[in-house]
Each structure stands twice: as C-alpha cells, then as structure tokens.
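2 protein chains.
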Amino acid sequence: MTLAETAQADQHNGGVMTFAADQPLKLDSGGRIDGLQVAYMTYGRLNADRSNAILVCHALSLDQYVASSHPLTGRRAWWRTLVGPGLPLDPDKHFIICSNVVGGCMGSTGPSSINPATGAPWGLAFPVITIADMVRAQAMLVDALGVKTLFAVVGGSMGGMQVLQWAADYPDRIFAAVCIAAAARHSAQNIAFHEVGRQAIMADPDWRGGDYAAQGVRPEKGLAVARMAAHITYLSEPALHRKFGRELQSDGLSWGFDADFQVESYLRHQGASFVDRFDANSYLYITRAMDYFDLAASRNGVLADVFRPARDVRFCVFSFTSDWLYPTVESRAIVRALNAAAARVSFVEIDSDKGHDAFLLEEPVLREALGGFMSSAAHSRGLDADASL
Amino acid sequence: MTLAETAQADQHNGGVMTFAADQPLKLDSGGRIDGLQVAYMTYGRLNADRSNAILVCHALSLDQYVASSHPLTGRRAWWRTLVGPGLPLDPDKHFIICSNVVGGCMGSTGPSSINPATGAPWGLAFPVITIADMVRAQAMLVDALGVKTLFAVVGGSMGGMQVLQWAADYPDRIFAAVCIAAAARHSAQNIAFHEVGRQAIMADPDWRGGDYAAQGVRPEKGLAVARMAAHITYLSEPALHRKFGRELQSDGLSWGFDADFQVESYLRHQGASFVDRFDANSYLYITRAMDYFDLAASRNGVLADVFRPARDVRFCVFSFTSDWLYPTVESRAIVRALNAAAARVSFVEIDSDKGHDAFLLEEPVLREALGGFMSSAAHSRGLDADASL
Numbered sequence: 225m226t227l228a229e230t231a232q233a234d235q236h237n238g239g240v241m242t243f244a245a246d247q248p249l250k251l252d253s254g255g256r257i258d259g260l261q262v263a264y265m266t267y268g269r270l271n272a273d274r275s276n277a278i279l280v281c282h283a284l285s286l287d288q289y290v291a292s293s294h295p296l297t298g299r300r301a302w303w304r305t306l307v308g309p310g311l312p313l314d315p316d317k318h319f320i321i322c323s324n325v326v327g328g329c330m331g332s333t334g335p336s337s338i339n340p341a342t343g344a345p346w347g348l349a350f351p352v353i354t355i356a357d358m359v360r361a362q363a364m365l366v367d368a369l370g371v372k373t374l375f376a377v378v379g380g381s382m383g384g385m386q387v388l389q390w391a392a393d394y395p396d397r398i399f400a401a402v403c404i405a406a407a408a409r410h411s412a413q414n415i416a417f418h419e420v421g422r423q424a425i426m427a428d429p430d431w432r433g434g435d436y437a438a439q440g441v442r443p444e445k446g447l448a449v450a451r452m453a454a455h456i457t458y459l460s461e462p463a464l465h466r467k468f469g470r471e472l473q474s475d476g477l478s479w480g481f482d483a484d485f486q487v488e489s490y491l492r493h494q495g496a497s498f499v500d501r502f503d504a505n506s507y508l509y510i511t512r513a514m515d516y517f518d519l520a521a522s523r524n525g526v527l528a529d530v531f532r533p534a535r536d537v538r539f540c541v542f543s544f545t546s547d548w549l550y551p552t553v554e555s556r557a558i559v560r561a562l563n564a565a566a567a568r569v570s571f572v573e574i575d576s577d578k579g580h581d582a583f584l585l586e587e588p589v590l591r592e593a594l595g596g597f598m599s600s601a602a603h604s605r606g607l608d609a610d611a612s613l
Numbered sequence: 225m226t227l228a229e230t231a232q233a234d235q236h237n238g239g240v241m242t243f244a245a246d247q248p249l250k251l252d253s254g255g256r257i258d259g260l261q262v263a264y265m266t267y268g269r270l271n272a273d274r275s276n277a278i279l280v281c282h283a284l285s286l287d288q289y290v291a292s293s294h295p296l297t298g299r300r301a302w303w304r305t306l307v308g309p310g311l312p313l314d315p316d317k318h319f320i321i322c323s324n325v326v327g328g329c330m331g332s333t334g335p336s337s338i339n340p341a342t343g344a345p346w347g348l349a350f351p352v353i354t355i356a357d358m359v360r361a362q363a364m365l366v367d368a369l370g371v372k373t374l375f376a377v378v379g380g381s382m383g384g385m386q387v388l389q390w391a392a393d394y395p396d397r398i399f400a401a402v403c404i405a406a407a408a409r410h411s412a413q414n415i416a417f418h419e420v421g422r423q424a425i426m427a428d429p430d431w432r433g434g435d436y437a438a439q440g441v442r443p444e445k446g447l448a449v450a451r452m453a454a455h456i457t458y459l460s461e462p463a464l465h466r467k468f469g470r471e472l473q474s475d476g477l478s479w480g481f482d483a484d485f486q487v488e489s490y491l492r493h494q495g496a497s498f499v500d501r502f503d504a505n506s507y508l509y510i511t512r513a514m515d516y517f518d519l520a521a522s523r524n525g526v527l528a529d530v531f532r533p534a535r536d537v538r539f540c541v542f543s544f545t546s547d548w549l550y551p552t553v554e555s556r557a558i559v560r561a562l563n564a565a566a567a568r569v570s571f572v573e574i575d576s577d578k579g580h581d582a583f584l585l586e587e588p589v590l591r592e593a594l595g596g597f598m599s600s601a602a603h604s605r606g607l608d609a610d611a612s613l
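In order, the protein sequences belong to chains A and B. Numbering-wise (the numbering used here), the first sequence opens with residue 225 and increments by one. Numbering-wise (the numbering used here), the second sequence opens with residue 225 and increments by one.
Rendered as structure tokens:
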C-alpha cells in the first residue's frame, strides 16, 4: 500500500462530518438542527464510477461500528455475520457506510450534544426526531461522501424502517434495498413496550427531567430496567427456554431476591452493560421516532402508494418465524404493498427460534439468501467487472 | 331470614382468620409464620353435609373480593363473569370461599404486616413464600371453616397454579379442580418479565431496601412501571391492536414525551391505579413464588407422578389461543400428565383474541363449558338434590 493509499484508507475509516450553517437538517416536526454532526464509519473503497456504495442502517441500540469493534466496550463488530471479506456486504467489493442516527449518542447530534443556544447539553430541549429525519441526515452524509446513488441500503429492525424510508423519500438514489425483521409501522404492542422503557427512565430521580448530563448524574437504574424489558422482546420464548430454561445460578434456591435463575442474571447483565454505552435521553428520542413511524400515514394508509415511485428498486425482505416484535405478518404487508406497486421484491421468511435478535446472529440461510440477492444485484448494476477494485 | 341466619350470613361474609400459636404456617423455605392471619370472603352458605364448598384461588394482583366490590377502589367483583347467581360458581348453590394469599396485601400475613419481633413492618425480613405455602394457608382456613373436602378448587393464572398444588398436596380433600390459563411451572420468559418488574421496584429510591413502610414512603413509580410491563403480557397483540391500534389521544402528535398514543395513556393509567391498591413488597414476594413454582421438581420432573394420587379428582383445564403468558402448550402438558396418571380430565382450548386476561373477561365459551363441568361434577357429588338449600 502506498502512502497515498494509506491516507485514503484512513480517511475512509470514518469520523464526524459537520455540516455548515447553510445546510441545516430540516425536521418533520417543523424544526431544524443547525451545525448537524453525523458520526460514521466506512469500510472498503468507493470505486471509480462511485457505484459500489452500501449504506447500512443501524437498529435502536446500535451504532456506526457495523464492522469494527466498539470503542467503549471493545465488543466485536455488531454485524460480523454479514459484513466482512467473503460475506454478503464485503469491503473488498463494496464501499460500506454506516452512520450513527441523528438523536443517537455515538457522535451524531443528539440530546447529549451541546445546545449552541445554551452551551449545555440539549436534554429534552432537543427536538423530537423521526425515522425520516434520520434518513435525511444520512442522505446529507452520502452526498458529502460523493455518492449520488447507493448500490444498496441495508438494515434490520429500526434499520429496516430506515431502508423503507429511503425507498419512500429517495427512490432514485438507491439501486437495491434490504429490509430485515422490520415493519412499515410500529404496532400498539411495540409502542407499549417502548412506553414502559421510557417510563422506567423518567421514573429514575437521576433523570432530572432530562437534565441529568448538566447536573453530572445518570439515570442508570432506569435505563437498565428499560433495556431489560426491551431485551426480552428481542428473544423468543423457545430461545430463552433453550438457553436458560429454569436453570439456577448455583446449587439451590436463594430464598431471597438475588438472581436465582440464570435468565435473571443474564437480564441484569444486559441492563448493567447497556448503561455503559448508551445515553438515556437518546433512548427516549429513538424509541419515540420508532413509535411515530407509520410510512403510509401520509398516503391515507395505502402503503403501495408509498412504494410506487420505487418500482425500479430491487427489494429484498426478510423475516424470522420466531420474531414476535416484528412478526412475519408485518413483512408480508410490506411485500404485498411492493407487489401492488409493481416493484421488484424477493421475500424470505427464515425458520429460526432465535426471535428478533436472529438478524444479528449466525443464521446461514440469511447469509446465503442475502449473498445471492447482493450478487444478483451487483450483476445488474455491472459491478462484477469491478471485482478487482 | 331469622336473626340466627343473619348472624351466620354476616359471619360467612368473611373477615380475617387468625391462627393460634400452636398452628404456625410451615414454609417450604424451612421457616414458619406464627400468628398467621388469612383474610377471606365467603359467598353463599355451607350445606348440611358440608359438601358444596368451592375455593377460588386468585391471581397475582387480585384478592379475596371475587364476588364483591373492592373496598379500596370500589371496582366491581373481579370474577363477576363466573361467580354469581345463575353463573357456574353460584352462591345460591355453593359455599364460595376466596382468601387473600399469604404474602399478599389485602389482610393476609405478608411483608407489609407487622413483624412481632420488631413491631415494624416485615419488609424484606418476611420469609420467601411459595405457591405450596399459599395453599397450606388456604387448607388451614378451609379446616377452620369446617370444610373437610372441597367440592371444587378453581383458579386462573397464579390461581391455576394453586389449583394444581391442591391436587398435588391434598388430593383427598378436593372433588373437582379447575385450572384456567396456567402452567405446571413458570417459563424462562415469564421469570424474565417478573425480574424486570422486581428490578423496576428495587430501582425506585423510595423502595428503601424494602423498608419503605417503616420510613413512611412508597415506591410508587417503580411499582407502576412493574405493573405496566406486566400488563402488556396480559393482553395480546391483536387485542391491543383492536382496542388501540395507533390511535392518538388528540388530533395530532405532541412532538414530545406526553402520552400521544391511546395505548400509552392506557398503560400509564394501569400503572398509576395499581399503586393505589397494591403493595410493592407483596409484588416482589408473589412474583417470586410464581417463579419458584415447578410442580414436578420434587418428582424428577415427572408431572404424571405428581398427579397419580389425584386420579379420582375431576379435572377441567382451560387455555386461550391468544394467551402468550401461559400458552396452550403449557395446559397440554398438564393434560398429558393427567392422562398419563389415569386421572379424569376435560380440556378446552378457547378461541379468543383477548390474551391471558381472557380468563377475567366475558368469554361465553368459558362460562358455558365451566357451567357444564360444574353441573356434571355436582351431579356426581350428589349436590343436585341439595339445590334448595
């Protein structure tokens, strides 16, 4: 590698893009964010005709570290099952972009950022954002990276919502779209679970009406409870039974309120470790954005009308049989609407007992089916000839 | 009604039974409770040969007011769909007993009772109790009421667990057993949801390590969050969708963290109203008892061995198709074990979209099937001739 190439590689590892005052992020709420910052990572290199860029959209509690270890926790890349050399999203072939959503807490502008008007963290003065706002910020980043049309936009869970929003708002800027374990709108049950999490955070006296950062405290207990409740919804009853059943931590019952059962200990760990890497107000804002998500709301509930301008996009939709957070029926509704819009769509329901989390776990059928879809799309895009870039 | 009858009727309306020092409640933990108090209600009158008594066992958050309004909230009787004149459990025919479980907070000895050793509320010094302990206390009450053999023991959810425990521990003292929407052991997912609730309570600084009563505060926010999380599990996604969908509270989005969606407002109300009638420590102890419940654990996991001595009991088992807390597969496991034990069992899976809460709601099939079962059992018991008692 020459020095120039090394420099380019370094530059492409990511960083924080700051947008100038004449490029505010316009929000669905009617507000705007000036001086928007978008933190991102990239992997691989953009080819000469800028046709090999893939945007990965992350889920609620994830971040831009789709293919590298987390800087705070040291945990391995969160989508190492699908992103990497020889995998469907391949930095040897693709220029992979992943940015922290607006409202997040890993470097993009969010409620823990400094409010220029006060010099203190925004807290609840931060405007409520939507999935469409997140996508608008991503489009600004993609512009700034010199990419006009993405080869693909790919995401699971809330990432899948963003993929659908891209198809709705920028159909001409995406060649392929992969929506995994998501829905075109958030269900009443999912809103209810989010509300429990928000109430747990807001019940913590260290939340301080959202002003905890300025006051030097953190609502860790409330955030941990929120994460515990959410975590149950990411798994399936069969997966919990297989992993833990009624297995005890030690030889006998404690006859008290310690973590007797392994599943209790596991949940407590999930809650405790989450607070080390996530901001409570970001949790409020991002869950709110998901609750507000209802892609067809502006089209009188007719999802096909949303997708009609995207009929040239190649869609691939995945669901998992044991996912009760975004069950297959939600993916089928997306597929039906795409069919009604005469769009191109592949649909794969994967038999798995791992629940919603299956999209992040080793699932050979997902890897193979996504690999096949990406290869086919690359062929249509004329990327095969580019394989040696 | 003669004066004597009025007196008996008053006496039979219930009250608090206090057991003498020579009648401690022996606990599964190895401990004991001296001076046990059991708060109870009765409806109807015991017949001459004491053969028409029915014990109703209540669920986690309920109480002895199965057929009368709640003294604190004024809410109507919680099982008014099944208990009442002309209904399957009929005070015109049966002597119906319902007692607050030990560990509860409606008059039976529990963590909010006074610890005679300290003169202050027990708090976490109260011993951990089990479903079998609850049933042992009920048996003492039934003894004290002069009933040797119950015509039936009936319960849903945690009440159903108690019914199964009665069959295991006192097979000769029950003629019929009705187990609705329950399981022979608590699943990993259910333990997980309970643990979230407990953590929410214990995260509330007003919980004070369980000593809140002595310190004059109450962990209301934590208990409300616990109730909200639990409440979601009592409903079904279709029921939530039918009741609320994505309907808003007012005309538009608030672009904030108020309760925008009706489902949020409903959940907040559920949490807020629960704290008016329930004690946080009782919630800890009763959820723990449910988590510890594993009826076959003492028989190497062979449930049929538990039920073999109960083969003369007439069992009726109910489940609901949309109950994901105690799904039909759990009831089937009970029925299979009863069959393997050559016991008499009827099983009815009821098609309902109301989720676990269906057992408390208007469900004509449940009422009719239970009515048929009770009539048949009454005939076998020779109660028909007694109809004019």
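Note that the Cβ used here is the ideal one computed from N, Cα and C, for glycine as well.
My output table needs one value for residue i: the three-state DSSP class, helix, strand or coil.
| i | result |
| --- | --- |
| E488/A | helix |
| I353/A | coil |
| M330/A | coil |
| G239/B | strand |
| E471/B | coil |
| S522/B | helix |
| S253/A | coil |
| I506/B | A small fix is needed here, since residue 506/B is Ser in this sequence, not Ile. In the structure shown, S506/B sits in a helix (DSSP, three-state: H, G or I). |
| S555/B | helix |
| F539/B | strand |
| R512/A | helix |
| V182/A | Outside the shown range of chain A, which is 225 to 613, sits residue 182/A, and nothing can be said about it. |
| Y458/A | helix |
| F544/A | strand |
| Q261/B | strand |
Do residue i and residue j have their C-beta atoms within less than 9 Å of each other?
| i | j | result |
| --- | --- | --- |
| S336/B | A263/B | no |
| A437/B | A344/B | yes |
| A463/A | D577/A | yes |
| R330/A | N324/A | One point to set straight first is that residue 330/A is Met, not Arg, in the sequence displayed. Yes; because the gap between Cβ atoms is below 9 Å, this pair is in contact. |
| A400/A | F597/A | yes |
| M358/B | G327/B | yes |
| V526/B | A520/B | yes |
| I414/A | L549/A | Residue identity differs from the one stated: residue 414/A is Asn in this sequence, not Ile. Yes; because the gap between Cβ atoms is below 9 Å, this pair is in contact. |
| L279/A | L590/A | no |
| A602/A | F350/A | no |
| L348/B | N505/B | yes |
| W303/B | L296/B | no |
| I510/B | M382/B | yes |
| I353/B | S253/B | yes |
| V377/A | A391/A | yes |
| A448/A | F498/A | yes |
Residue i: buried (16+ other C-beta within 10 angstroms of its C-beta) or exposed?
| i | result |
| --- | --- |
| R470/B | buried |
| Q439/A | exposed |
| A233/A | Because A233/A sits at a pLDDT of 48, beneath the cut-off of 50, its placement in the model cannot be relied upon, and the following sentence gives the value as read from the coordinates. By the 10 Å Cβ count, A233/A comes out exposed. |
| T242/A | exposed |
| E419/A | buried |
| K317/A | buried |
| G370/B | exposed |
| T342/A | exposed |
| E444/A | buried |
| E592/A | exposed |
| A408/A | buried |
| E554/B | buried |
| A245/B | exposed |
| Listed in chain order, which residues of the region 408 to 429 of chain A have Cβ atoms closer than 8 Å to some Cβ of chain B? | R409, H410, S411, A412, Q413, I415, A416, F417, E419, V420, R422, Q423, A424, M426, A427, D428, P429
Is it the case that the region 525 to 535 of chain B contacts the region 556 to 570 of chain B, given that we only count it when at least three CB pairs across the two stretches are under 8 Å? Contact holds: three or more Cβ-Cβ distances are below 8 Å.
Inset, instruction - Taking a Cβ distance cut-off of 9 Å, strictly less, list which residues of the region 469 to 490 of chain A are near chain B, in chain order. - result: G469, R470, E471, L477, S478, W479, G480, F481, A483, D484, F485, Q486, V487, E488, Y490
Beta carbons nearer than 8 Å to chain A: which residues of the region 573 to 585 of chain B have them? none
Exercise. Listed from N- to C-terminal order along the chain, which residues in the region 500 to 533 of chain A have their beta-carbon within a distance smaller than 8 Å of any beta-carbon of chain B?
Worked result: Residues L508, R512, D515, Y516, D518.
**Report entry** Contacting positions in the region 548 to 568 of chain B - beta carbon closer than 9 Å to chain A
**Finding:** W548, P551
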